[in-house]
Amino acid sequence: MKSLFVLMILLLITLCPAEAPKRFQATWSSLKNYECPDWFRDAKFGIFIHWGVYSVPAFANEWYPRNMYQPKSIEYNHHVETYGKHDQFGYKDFIPQFKAEKFDAEEWMELFHQAGAKYVVPVAEHHDGFAMYKTALSRWNAAEMGPKRDVIGELAQAAEKQGIVFGVSSHRIEHWWFMNNGRKFNSDVNDPMVADFYGPAREEEETPSPEYMNDWLLRCVELVDKYKPQLFWFDWWIEQPAMEPYRKSFAAYYYNKGIEWDKGVVINYKNESFPADAAVYDIERGNSRATKEHPWQTDTSIGKKSWGYISGEENKSANELVDVLIDIVSKNGNLLLNIGPQADGAIPTEQQQVLRDIGAWLRVNGEGIYGTRPWKVSGEGTAELPDESASFNEYKSKGYTEEDIRFTQKGDLLYAFVLGVPSRKIVIRALAAEKGSPKIASISLLGSTVQPSWKQTGNALMITPNEQYACEHAVAFKITFHD
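Residue numbers (the numbering used here): 14 to 496.
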């Protein structure tokens, strides 16, 4: 009887398989069932890559292809003085000079691995309309012109070898108007032979045509099908009201592909393009004053002037970026940090060093970053924080000091980061005994075998500085509590 019962159970399992995952529909009510995957919540740190034809002129910023057609702009004047009139040498004429002769996807990924990055997001197509991958929808792509290599495909393969999650960004929708200044005077933008590259070049106030929005959707689906990215990043212009059904259709398709692949996927959006619980919110060159309920992300660049490579760039320091990373992670966010490779594919030496310095810091302190979650408060201190969720506010706040503390937690462990190498006694008021905090059992300094001296009073936790810090940047204390 027992064996018969077992056979009956096995037969029922065979005939009644486990319920298939629920598929997403192209409605907000369905898409709001999305849940951000743990890989993204645990990763905390990724690399953004702006690399394209705009890296050839390497002047002003990555909007050179637009601004070079804007009379009286510095880009316009530079272009005429350096390359000649726009009807003789236009943006398209930079493509043969974009050779990528030093590009090595595996070297890039090795560097990102050393930096401690857990995911990477190259730009698949920027506003300029030049695709960095082999596409069936345009001849203007890096596999057929310029480098004559499928850059996105090579990066996807190299990322997999390093165990780095692969994503892509698409700025295709902004191309609707990006080259429109060239329509207003004698330039190659008006040449019908290259209309498939520069067009539509309409006004930003004009609603995109259904044909153009369909093309946007097809290009996004093509990227998903060809490269299986686990993150898809969008810039702001997808928020156009006419784009709503296309946004919903893409999200449903992509989320269902994630189910098919058995991998969690992420859409990054800006402003109000998606409901807060249907995708992952992204803040450009900015931060949040408070901890957010949903996982979110800041994208910023090592370069202060441009996302793409330019001559004479001014770069942020590793110390500044480590502080920003900690602050963002303490508030339930991730940092997507951009680099701008040169036209030949070499990553600028100074930006390489910044990444290596961040990686060295993470090797010591990463346990307080990766896989953590927000504590009951994000921190305390004297830094003047920006307005809530404001983009482009990264220079509006006073820099962090050793008086600024940020917290993360992992299970029963609490990590307290001091945003500066301490030179005097550390005072943490959020861990005062009288404020309902549990009694501290032990405190250790990450990267050190020397136990710090500390005292928990009714006013604050006080830690005596350790003179042998393992890092030049922020330091982290691991705190355990009595049951």
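Glycine included, C-beta positions come from ideal geometry on N, C-alpha and C.
Model, not experiment: these values are computed from the prediction.
Where residue i falls: helix, strand or coil (DSSP)
i      : result
Met475 : strand
Ala214 : coil
Phe61  : strand
Lys305 : coil
Asp500 : Here the chain covers residues 14 to 496 and nothing more, so residue 500 does not appear.
Gly316 : strand
Ser324 : coil
Thr395 : coil
Tyr383 : coil
Trp229 : helix
Leu427 : strand
Leu17  : Model confidence at Leu17 stands at a pLDDT of 42, short of 50, so the residue's coordinates are unreliable; what they give is reported in the following sentence. Residue state, collapsed to three classes: helix.
Thr311 : strand
Ala144 : strand
Asn203 : helix
Asn74  : coil
Asn406 : coil
Residue i: first and last residue of the uninterrupted alpha helix (DSSP H) it sits in
i      : result
Asp51  : Asp51 to Ala56
Val390 : That residue, Val390, is in no alpha helix (DSSP H); it is neither H nor E in DSSP.
Glu138 : Where Glu138 is concerned, there is no enclosing alpha helix (DSSP H), although the beta strand (DSSP E) it sits in stretches over Tyr132 to Glu138.
Lys468 : Per DSSP, Lys468 belongs to no alpha helix (DSSP H); it is in the beta strand (DSSP E), Trp467 to Gln469.
Leu124 : Ala118 to Ala128
Leu44  : Trp41 to Leu44
Asp336 : Ala331 to Ser343
Lys174 : Val164 to Gln175
Trp274 : Glu257 to Trp274
Asn80  : Tyr77 to Asn80
Thr362 : Thr362 to Asn378
Glu94  : Ile87 to Tyr96
Trp250 : No alpha helix (DSSP H) holds Trp250; DSSP gives it neither H nor E.
Phe191 : His188 to Phe191
Whole-Å CB distance - residue i paired with residue j, under 8 angstroms assumed
i      : j      : result
Asn472 : Ala445 : 5 angstroms
Lys131 : Phe245 : Not quite, the Cβ-Cβ distance comes to about 17 angstroms (not below 8 angstroms), so this is no contact.
Glu393 : Arg442 : 6 angstroms
Ile60  : Ala128 : 7 angstroms
Pro78  : Ile272 : 38 angstroms between Cβ atoms; not a contact.
Lys125 : Ser324 : The sequence shown places Phe at residue 125, rather than the Lys named in the question. 24 angstroms between Cβ atoms; not a contact.
Thr385 : Val342 : 7 angstroms
Val377 : Val431 : With a Cβ gap of about 14 angstroms, Val377 and Val431 do not count as contacting.
His486 : Ala331 : 7 angstroms
C-alpha distance - residue i paired with residue j, whole-angstrom precision
i      : j      : result
Phe287 : Ala483 : 42 angstroms
Ala149 : Leu231 : 10 angstroms
Glu167 : Glu157 : 15 angstroms
Gly412 : Leu338 : 13 angstroms
Gln243 : Tyr294 : 16 angstroms
Tyr146 : Ser314 : 23 angstroms
Phe494 : Tyr428 : 12 angstroms
Trp121 : Leu334 : 20 angstroms
Ala303 : Lys241 : 33 angstroms
Asp496 : Ile453 : 10 angstroms
Met475 : Glu48  : 39 angstroms
Asp228 : Gly103 : 25 angstroms
Ala155 : Pro70  : 17 angstroms
Ser43  : Ala289 : 13 angstroms
His184 : His63  : 11 angstroms
Gln101 : Ala144 : 23 angstroms
Glu327 : Lys468 : 43 angstroms
Ser455 : Pro478 : 16 angstroms
Arg437 : Ser410 : 24 angstroms
Gln83  : Glu297 : 25 angstroms
Val133 : Arg369 : 16 angstroms
Unbroken beta strand (DSSP E) run spanning residue i, endpoints
i      : result
Arg419 : Ile418 to Lys423
Phe494 : Val488 to Phe494
Gly532 : No answer is possible for residue 532: it lies beyond the span of the chain, which begins at 14 and ends at 496.
Phe455 : The question names Phe, yet the displayed sequence has Ser at residue 455. First-last of the beta strand (DSSP E) with Ser455: Ile453 to Leu458.
Ile280 : Val279 to Tyr282
Leu244 : Leu244 to Phe247
Gly180 : Val178 to Ser183
Ile441 : Ile439 to Ile441
Short CB-CB distance (under 8 angstroms) between residue i and chain D
i      : result
Lys161 : Structure shown: chain D not included; a single protein chain is present.
Task: Cβ contact check for the stretch 340-354 and the stretch 316-327: 3 or more pairs under 8 angstroms - done: When Cβ pairs closer than 8 angstroms are counted between the two stretches, the stretch 340-354 is seen to touch the stretch 316-327, the count reaching three or more.
Open item on the list: With three or more beta-carbon pairs closer than 8 angstroms as the criterion, would you say the stretch 197-212 touches the stretch 163-179?
Closed with: Flag = no, the stretch 197-212 and the stretch 163-179 do not touch.
Open item on the list: So, does the stretch 262-281 touch the stretch 36-54, judging by three or more C-beta pairs under 8 angstroms?
Closed with: The stretch 262-281, when compared against the stretch 36-54, does touch it at the 8 angstroms Cβ threshold.
Open item on the list: Quick test of the definition: if touching needs 3 or more C-beta pairs under 8 angstroms, does the stretch 132-151 touch the stretch 188-198?
Closed with: The stretch 132-151 and the stretch 188-198 touch, with no fewer than 3 CB-CB distances between them shorter than 8 angstroms.
Open item on the list: Check whether the stretch 95-112 and the stretch 158-165 are in contact - that is, three or more C-beta pairs closer than 8 angstroms.
Closed with: The stretch 95-112 and the stretch 158-165 touch, with no fewer than 3 CB-CB distances between them shorter than 8 angstroms.
TODO: Please confirm if the stretch 216-230 is in contact with the stretch 115-124, defined as three or more CB-CB distances below 8 angstroms between the two stretches.
DONE: Segment contact: the stretch 216-230 against the stretch 115-124, fewer than three CB-CB distances shorter than 8 angstroms; contact not assigned.
Open item on the list: Contact between the stretch 295-309 and the stretch 331-347 is defined here as three or more beta-carbon pairs at a separation below 8 angstroms; is this criterion met?
Closed with: Per the Cβ contact rule, the stretch 295-309 is in contact with the stretch 331-347 (3 or more Cβ pairs under 8 angstroms).
Open item on the list: Check whether the stretch 277-285 and the stretch 45-54 touch, using three or more Cβ-Cβ pairs below 8 angstroms as the test.
Closed with: Judged by pairs of C-beta atoms under 8 angstroms, the stretch 277-285 touches the stretch 45-54, as three or more such pairs exist.
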